[in-house]
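Heads up: the sequence shown at position 48 corresponds to 48 in our numbering, and the numbers run straight through without jumps.
Yeah, the Cβ is synthetic: ideal placement off N, Cα and C, and Gly gets one too.
Below: one structure, written as structure tokens.
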Amino acid sequence: MSQQTALDLLVQHVDRPGFVRLIVASVHGALWLQTHFPEEEWTTLLSGEACFGMDCLSTLLEDARSAGLLVNARVVVES
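Given below as structure tokens:
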């Protein structure tokens, strides 16, 4: 029996250079986002519609990881 680790947040690249989409993959990811953003932004965040610049996202993901969340963020070098 294989043991898989559930991810809490996923990063998805979009067609706009320098921006990525943050996707919630677990209830822990959802709760973490809700503690970092105002309530009026929750729908956009939880539906995977929010895009972030890489500089902002790096700080968010560092905080998420330090809180114990598992994040899938592939590194893509843009030229």
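Each residue's CA atom was taken as its position, placing residue 28 and residue 51 some 20 angstroms apart. Across the structure, residue 20 and residue 61 are spaced so that their CA atoms are roughly 12 angstroms apart. Cβ atoms of residue 22 and residue 9 come within 8 angstroms of each other, at about 6 angstroms. In terms of Cα proximity to residue 55, the closest of 40, 18, 65, 38 is 18. Rounded to the nearest whole angstrom, the C-alpha separation of residue 12 and residue 70 is 15 angstroms.
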